[in-house]
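Notes follow once the structure below has been shown.
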DNA sequence: GCCTGAGTTAAACAACTGTTTAAGTTGTGG
DNA sequence: CCACAACTTAAACAGTTGTTTAACTCAGGC
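Laid out in C-alpha cells, this is it:
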C-alpha cells in the first residue's frame, strides 16, 4: 500500500462505504466493467474519494485482494498448525475456509476472477500470496499426507484443488440461484460435513 | 446469435483470428479490460470487423462462451451416457473434461470469470447451460451414485464441485507458473489419474 | 478564534470506448 | 465484363473513463 494513501485519525465511514460498494459491484460486474461514478454513487461519495483514500481505482482493487488473500492465508496457518495428525487439521481447515468464503462471498468471487489476470500492477501481491500458500500447504498438508497416508500430491495440485473445490458452491451460486434456490442459502453444517467427507475421502483414503 | 451477424460463404480467416485474439486477451485481462482496438491489432483486422462478424463486442463474448459451454455439455453427455455403472462413466467424464479444459485453457479461464457475472445480455445463455448441466449430472451421476453407492449429493453441489475441481489447475496455472514451472505443463496422464483418484475416492467410497 | 489536517466537492482534462457509416476492395458466378 | 455479396477500411461520433486540481467544509487542538 502506498504511503500517500490517506488514513484519518478516525476510521472513515466513507472509506468503508467505498470498500463495501466496490466488493459488491466488482464481484457482480468485474473490476473493469465497474465505473468509478457508479461505485461512488452506490457508496454515496464523490468520485474523487477513491483516489483520495486508495490512490487509484487499482489501489482499491489491490487493497480488497490483499485483505482477502491474507485472511485466507491466516486461517490456513491457524487451522493447519500443530502436531496432530493431518486429518483433524484438514477438517478444521475445510470448515474454516468454507466459513470464511461464506462470510466474504463477494471478495471470493472477485479474487477468483482476478487470479489468472496478468496485470503487472497487481501480480506481485498474488505471487507473494501464492508462494506463502504453497509453502504452507506443502509443509502442513502434502508432506504429512505423504507420511501418514502414503499419498504424494504435490502442492501445486493440492493447493488449487482445495481452494477451487471449496470455492465451487460460491462461484456457481449466482447463476444457479436462477435454477434452484438452494445454492444461495448460507452454507450449513450439513453441507460443510458433506464437502469435508468428499475431500477427506479423496485425499486421505488408500489407493482406489 | 443475431441473424444479422455476417457469415461468408467461405470460412473467414479474419473471423477466426478475431476469435483467437479474443480468447487470448479476454482470458488474460478480462473482457471489459480488453479494448477492441487492442483486439483488432492482435488479430490484424480493422476494429469495425468485430461488429461486422459478431454484431458487437458482447456478441463476440457470447459466441465464445456458448461455444465453450456447449462443448463441455456435449462431452458430459457423451461420456456419461450408457448403462454401465457410474464409476467407469465418471472416469471417462473426468478424463474428457480435463482434456477439454487443457485444449481450451483460455476459454475456460474466460468462462470461469464470467460465470458469476450478472450481465443481462449474457445471463440467459448461462442459465440454459446450467439447467442442462444440472439435469445431466442429476440423471447421470447423482442418482446413480445414490443408487449404487448410497451417497446423496445434490446436483447443485456435485455440478460445481466437479467443474471447479477439474478447473483448479488451469485457474491457478498463470499465477503458479511464477512460483514453479509444473502448473503450466500440459496435463499428463499421471495427473489425470491422480485427480480421478481423488474424485472417485471422494465421491464413491463409503462414509468416511 | 485561529490554524491545520482530514475529508469532500465540482469541474476539467486527456484519453479511451464501442458503434456506426460510407466508401472502397475482393472474389465469385453468370 | 458486370453485378453482387462479402469483406475491409478510415473516420466520425457520443459517451464514458480514471485522474487531477483547486476550492471548500469540518473537526480538533492550542
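Chains as they are written, first to last, in our numbering: chain A, 27 to 234; chain B, 27 to 234. Don't be surprised by glycine CBs; every beta carbon is placed ideally from N, CA and C.
{"Item": "Residues near residue 148/A by beta carbon distance below 8 angstroms, same chain, minus five either side", "Value": "84, 87, 88, 91 and 140"}
{"Item": "Contact test: residue 94/A Cβ vs the ligand SAM heavy atom, cutoff 7 angstroms", "Value": "The model depicted lacks the ligand SAM and carries no ligand whatsoever."}
{"Item": "Residue 102/B to residue 192/B span [Cα, whole Å]", "Value": "13 angstroms"}
{"Item": "Euclidean distance between Cα positions of residue 29/A and residue 96/A", "Value": "Confidence at residue 29/A is low in this model, with a pLDDT of 37, below 50, so the placement of that residue is unreliable and no value is reported for it."}
{"Item": "Whether residue 136/A touches residue 225/A by CB criterion (8 angstroms)", "Value": "no"}
{"Item": "Own chain partners of residue 72/A with C-beta closer than 7 angstroms, once the 5 adjacent residues on each side are dropped", "Value": "66"}
{"Item": "Cβ of residue 53/B within 8 angstroms of any chain A Cβ", "Value": "yes"}
{"Item": "Separation of residue 186/B from residue 132/B, as counted between CA atoms", "Value": "19 angstroms"}
{"Item": "Alpha helix (DSSP H) runs contained entirely in the segment 42-76 of chain A, provided each spans 4 or more residues", "Value": "62-69"}
{"Item": "8 angstroms Cβ cut-off: residues of chain B touching residue 75/A", "Value": "Within chain B, no residue comes near residue 75/A; the closest Cβ sits about 22 angstroms away, beyond 8 angstroms."}
{"Item": "Alpha helix (DSSP H) segment containing residue 109/A, residue limits", "Value": "Here residue 109/A belongs to no alpha helix (DSSP H), and DSSP marks it neither H nor E."}
{"Item": "Within 8 angstroms, strictly: CB atoms of residue 222/A and residue 120/A", "Value": "yes"}
{"Item": "Same chain, Cβ closer than 8 angstroms to residue 151/B, neighbours up to 5 away in sequence not counted", "Value": "88, 91, 92 and 95"}
{"Item": "Segments assigned alpha helix (DSSP H), at least 4 residues, entirely inside the segment 101-183 of chain A", "Value": "112-129, 131-140, 149-163 and 169-175"}
{"Item": "Residue 202/A vs residue 182/B beta-carbon contact at 8 angstroms", "Value": "yes"}
{"Item": "C-alpha distance - residue 134/A paired with residue 80/A, whole-angstrom precision", "Value": "20 angstroms"}
{"Item": "Exposed unless 16 or more other CB atoms sit within 10 angstroms - verdict on residue 162/B", "Value": "buried"}
{"Item": "Contact residues within the segment 92-125 of chain B, judged by C-beta distance below 7 angstroms to chain A", "Value": "none"}
{"Item": "Neighbour flag for residue 202/B against chain A, beta carbons, 8 angstroms", "Value": "yes"}
{"Item": "Close Cβ partners of residue 170/B (< 7 angstroms) along its chain, the five nearest in sequence each way excluded", "Value": "112"}
{"Item": "Expected contact under 8 angstroms - CB spacing of residue 106/B and residue 166/B to nearest Å", "Value": "4 angstroms"}
{"Item": "Whether residue 99/A touches residue 76/A by CB criterion (8 angstroms)", "Value": "no"}
{"Item": "Coil, strand or helix - residue 211/A by DSSP", "Value": "coil"}
{"Item": "Same chain only: Cβ atoms within 6 angstroms of residue 175/B, ignoring 5 sequence neighbours per side", "Value": "230"}
{"Item": "8 angstroms contact criterion, which residue 128/B and residue 213/B should meet: CB distance rounded", "Value": "5 angstroms"}
{"Item": "Cβ-Cβ separation, residue 194/B to residue 82/A (assumed contact under 8 angstroms), whole Å", "Value": "Rounded, the Cβ-Cβ distance is 31 angstroms, inconsistent with contact."}
{"Item": "is_contact[residue 198/B, chain A] using C-beta, thresh 8 angstroms", "Value": "yes"}
{"Item": "Contacts that residue 228/B makes with chain A (C-beta to C-beta distance below 7 angstroms)", "Value": "224, 225, 227 and 228"}
{"Item": "Selection from 52/B, 116/B and 227/B that minimises the alpha carbon distance to residue 168/B", "Value": "116/B"}
{"Item": "Residues that residue 157/A contacts on chain B, provided the C-beta gap is smaller than 9 angstroms", "Value": "204 and 205"}
{"Item": "Selection of the segment 139-154 of chain A by Cβ proximity to chain B, strictly under 8 angstroms", "Value": "139, 141, 142, 143, 144, 145, 149, 152 and 153"}
{"Item": "Minimum Cβ-Cβ distance from residue 85/B to chain A less than 8 angstroms", "Value": "no"}
{"Item": "Residue 153/B to residue 52/B span [Cα, whole Å]", "Value": "21 angstroms"}
{"Item": "Neighbourhood of residue 184/B by C-beta, 7 angstroms cutoff - its chain only, sequence neighbours within 5 removed", "Value": "163, 167 and 168"}
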